[in-house]
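Residue numbers (full-length UniProt numbering), protein chains in the order written: chain A, 1 to 440; chain B, 1 to 440.
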């Protein structure tokens with residue numbers, strides 16, 4: 001059972017700002033906030049959006065119970081009037097943004113949240129936490145899947161990141177192109193394919209390797225995958241085929257020089273008649289290691305540490321900025337901060353991708369007042385990148401759950417194929433298409 | 001309200017191994033598993049253990065409810081007999097290991113779990129997830145705290161990592177020497193000091209900076225910290241002191257060249273008579289940036305991204321390995337895998353730290369059978385590094401909760417002071433003391 005509210009998964013200043021704004025009346029001002037990143041991780045050509053469905057899940061449970069309210073009151077985080085306001089809090093604004101599985105670039109308006117200042121402010125930390133981590137994992141996953149060509153990649157990274165990150169990472173990995181995960185809670189919550197058979201300790205707890213293999217076959221059948229590198233790989237492969245016969249499902253190698261070992265094991269399996277026995281390799285793989293294994297006779301990959309840590313970029317540096325708000329005069333006005341190196345583009349945004357010969361050539365971000373944007377007509381063939389997630393507090397549930405994840409999985413593959421092929425290069429470089437900002 | 005069981009925060013193979021071992025009887029074999037890392041992140045001189053108290057918290061809730069059991073049955077992860085075995089699962093083994101806040105090095109036996117194979121196996125993924133992430137954050141925090149000298153460091157990183165990682169990171173940061181966190185759930189769950197006042201959107205939602213400052217002072221008092229870099233810092237500081245008077249608590253700078261800006265703002269504040277107004281800086285700080293700010297007139301630091309991502313090392317590469325187990329003959333025997341580059345040291349372990357002139361000179365890991373270890377006498381002055389966390393299923397609750405975290409906070413400072421000063425160098429280098437392994 002998983003039951004919790006994410007309402008306190010929040011930086012304290014969201015609540016202190018709410019408190020001050022409720023006192024002075026600005027908490028009710030209509031606002032537009034935007035999530036974007038100023039830059040991709042160094043050398044990356046594109047990013048992959050993930051986590052939006054989880055934001056919707058969290059929104060459904062975003063309420064404060066008595067214990068939470070008591071905590072805020074006792075710590076004097078907010079005043080008694082604000083406690084009252086929070087008692088029946090639910091988000092009544094609107095959210096639109098990029099699909100999960102969509103490519104993003106610097107200044108892509110990945111999510112836009114519209115509502116009162118009070119309600120939008122409370123979501124900032126949670127929205128950023130989810131998008132920053134999930135998109136980091138999906139972006140890394142996408143590079144790995146490209147490098148693995150058509151071979152399936154499986155998430156085995158749960159043990160190398162926070163126990164809840166592990167669940168989010170499994171989901172984001174599938175959005176990013178992975179086929180399944182070792183993580184059972186992710187499989188349960190999101191209906192993902194779960195994989196895994198045995199670790200070295202399984203072989204070690206038995207009196208010898210043969211009895212371990214016999215036990216595993218008895219429990220999981222001949223189609224299971226036997227781990228063959230606990231002692232001596234050649235002996236293990238011989239024993240494995242003796243025990244399971246040539247119909248053995250697979251073997252896993254988790255150490256050593258994977259390319260040459262895979263070749264030796266393939267030859268040995270073939271010589272033993274186990275020509276359909278698959279080879280899975282696992283051992284600190286990243287996209288570069290996967291690219292190097294393209295010619296090795298490997299059937300699938302288990303990826304751990306580098307997946308769940310974003311392969312060198314464990315966060316996306318996405319920020320949540322106020323871009324438009326109602327003034328004292330009741331009129332919506334674009335706003336921007338002017339901080340050095342951290343200035344923002346004011347106003348709500350539209351976003352399109354343009355194509356030339358079926359390949360993306362630019363991301364177009366159009367900024368302006370609601371009126372001006374309503375009268376804007378994009379060029380022919382530009383793809384509208386924004387979808388509606390929440391309409392005045394009503395969540396569109398078609399973006400949540402297993403089916404949405406699998407659609408995002410397919411969407412990513414299609415969207416990546418529409419980018420110039422350079423996107424799939426592992427060489428460091430600039431974003432593969434430019435982001436062009438137009439202020440109406 | 002936070003209510004969940006971590007029992008499925010687990011790789012599937014833990015359950016499939018359990019299933020096979022219950023069938024063949026090896027699930028009841030007594031085992032010793034060990035958590036250690038083969039190496040520190042490149043160039044790091046030491047690591048800081050964190051997360052053990054969270055493992056104990058998780059252990060208290062590690063049970064499978066009907067929904068979980070149904071999931072395992074429907075997915076055919078395990079057999080009906082195993083479902084029965086899992087119905088009343090609780091860990092009845094023993095756990096000992098390093099304190100939270102303790103320094104660790106390659107091959108330090110950070111945690112040893114003793115029990116049946118079945119019960120120890122189910123804990124693997126969860127134990128590693130917690131220790132790998134929490135220790136990565138505490139290790140980074142410790143380097144930052146050293147670089148910040150006596151100035152307080154505050155965690156503001158929640159938005160740049162998974163929403164639950166944010167909570168764990170806040171706790172681990174305090175173990176690693178930080179003073180508080182922006183994260184409210186961490187403050188609630190662990191009784192940590194919470195900090196934070198306002199973001200740029202607070203200034204922007206108001207009609208001008210002055211009314212924003214007035215509103216914040218009205219809500220939070222003159223001792224609050226005003227954010228002064230939304231538009232023009234010099235003007236903002238002038239306005240801030242006009243609004244709050246010289247008793248203004250603090251100002252925060254979140255952009256630009258922090259050292260020179262801090263100096264200018266300090267001079268301006270002093271000239272305005274606000275000589276006690278504190279300066280906080282925040283903006284992608286890491287240990288190197290903190291070291292560079294040592295001579296700038298800064299009073300405290302808010303650290304985000306680099307803290308929660310382990311400052312370049314987002315995981316500790318800790319592993320969970322079987323080192324000893326009961327054989328068919330009922331006798332405990334050391335075991336080891338021989339995988340290339342991933343071989344393990346067999347047998348249960350003792351661990352000590354030796355000193356010369358009050359400075360640590362080596363970590364001593366003594367491996368052997370229970371009998372041999374019982375007869376082992378360490379040299380005079382060696383510190384015993386192992387404490388008991390769980391005794392035959394009974395959790396020692398003194399290692400859980402707020403007080404344990406604050407003891408770990410103090411322990412880290414003392415333990416770091418006992419290492420050679422090189423430990424606090426930010427130059428890349430080897431572990432500051434060697435780990436000497438003795439097999440009895």
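Glycine included, each C-beta is placed from N, C-alpha and C at the ideal position.
Against chain B, the CB of residue 86 of chain A has no partner CB under 9 Å away; the residue lies outside that interface. Taking the CA atoms as reference points, residue 286 of chain B sits about 36 Å from residue 352 of chain A.
In this structure, the straight-line span from the alpha carbon of residue 88 of chain A to that of residue 50 of chain A is close to 29 Å.
Among the residues of the region 26-55 of chain B, those with a Cβ less than 8 Å away from any Cβ of chain A are 26, 29, 31 and 33, in the order of the chain. Here residue 412 of chain A really is in contact with residue 176 of chain A; their C-beta atoms are around 6 Å apart, less than 8 Å. Counting along the chain, the unbroken beta strand (DSSP E) around residue 437 of chain A starts and ends at 435-439. At a Cβ-Cβ threshold of 9 Å, residue 272 of chain B and residue 238 of chain B count as neighbours.
Residues of the same chain with a CB within less than 8 Å of the CB of residue 83 of chain B, apart from the 5 flanking positions on each side, are 69, 72 and 73 in chain order.
Residue 269 of chain A places its beta carbon 9 Å or farther from that of residue 253 of chain A. For the region 177-197 of chain A, the set of positions with a beta-carbon nearer than 8 Å to some beta-carbon of chain B reads 182, 183, 184, 185, 187, 188, 194, 195, 196 and 197 in chain order. Cβ atoms of residue 182 of chain A and residue 194 of chain A come within 8 Å of each other, at about 7 Å. With contacts defined by Cβ atoms closer than 9 Å, residue 317 of chain B and residue 432 of chain B do not form a contacting pair. Runs of the alpha helix (DSSP H) lying entirely within the region 195-279 of chain A and spanning at least 4 residues, in chain order: 200-205, 209-220, 233-244 and 258-271. Taking the Cβ atoms as the reference, residue 142 of chain B lies roughly 6 Å from residue 416 of chain B, within the contact range of under 8 Å. Contact annotation, residue 226 of chain B with residue 216 of chain B: C-beta distance approximately 6 Å; criterion of less than 8 Å satisfied.
Residue 389 of chain B sits in a strand when the DSSP states are folded into three classes. Residue 91 of chain B and residue 392 of chain B have their alpha carbons spaced roughly 8 Å apart.
Those residues of the region 209-243 of chain A placed with their C-beta closer than 7 Å to a C-beta in chain B are 215, 216, 218, 219, 220, 229, 230 and 231, ordered along the chain.
DSSP lists B:113 and B:322 as the bridge partner or partners of residue 33 of chain B. When Cβ-Cβ separations below 9 Å define contact, residue 162 of chain A makes contact with chain B. Considering only beta carbons, the part of the region 142-163 of chain B lying closer than 8 Å to chain A consists of 156, 158, 159, 160, 161, 162 and 163, in chain order. Your pair residue 135 of chain B and residue 159 of chain A does not check out as a contact, with CB atoms roughly 13 Å apart and the cut at 8 Å. DSSP places residue 183 of chain B within a strand segment (E or B) once states are collapsed to three.
Contact between residue 196 of chain B and residue 13 of chain A holds, with the beta-carbon distance rounding to 3 Å and staying under 8 Å. Rounded to the nearest whole angstrom, the CA to CA distance from residue 33 of chain B to residue 114 of chain B is 6 Å. Taken in chain order, the complete alpha helix (DSSP H) segments of 4 or more residues contained in the region 47-113 of chain A are 52-60, 66-74 and 80-87. Secondary structure at residue 412 of chain A: helix, using DSSP grouped into helix, strand and coil. At a cut-off of 9 Å between beta carbons, residue 9 of chain A contacts chain B. By the criterion of at least three beta-carbon pairs nearer than 8 Å, the region 162-174 of chain A is not in contact with the region 321-330 of chain A. Within the same chain, Cβ atoms closer than 7 Å to the Cβ of residue 21 of chain A are found at 27, 117 and 118, the five residues on either side in sequence being excluded. Proximity of chain B to residue 345 of chain A at the Cβ level (cut-off 7 Å) is not reached, the minimal Cβ distance being about 13 Å.
Close to residue 206 of chain B, with beta-carbon spacing below 7 Å, are these residues of chain A in chain order: 26. Listed along the chain, the chain B residues whose CB falls inside 8 Å of the CB of residue 321 of chain A are 200 and 201.
What residue 132 of chain B touches in chain A, judged by beta-carbon distance under 8 Å, is 159, 160 and 161, going in chain order. Put simply, the backbone Cα of residue 201 of chain A is about 11 Å away from that of residue 18 of chain B.
Interface flag for residue 265 of chain B against chain A is unset, since no Cβ pair is found closer than 9 Å.
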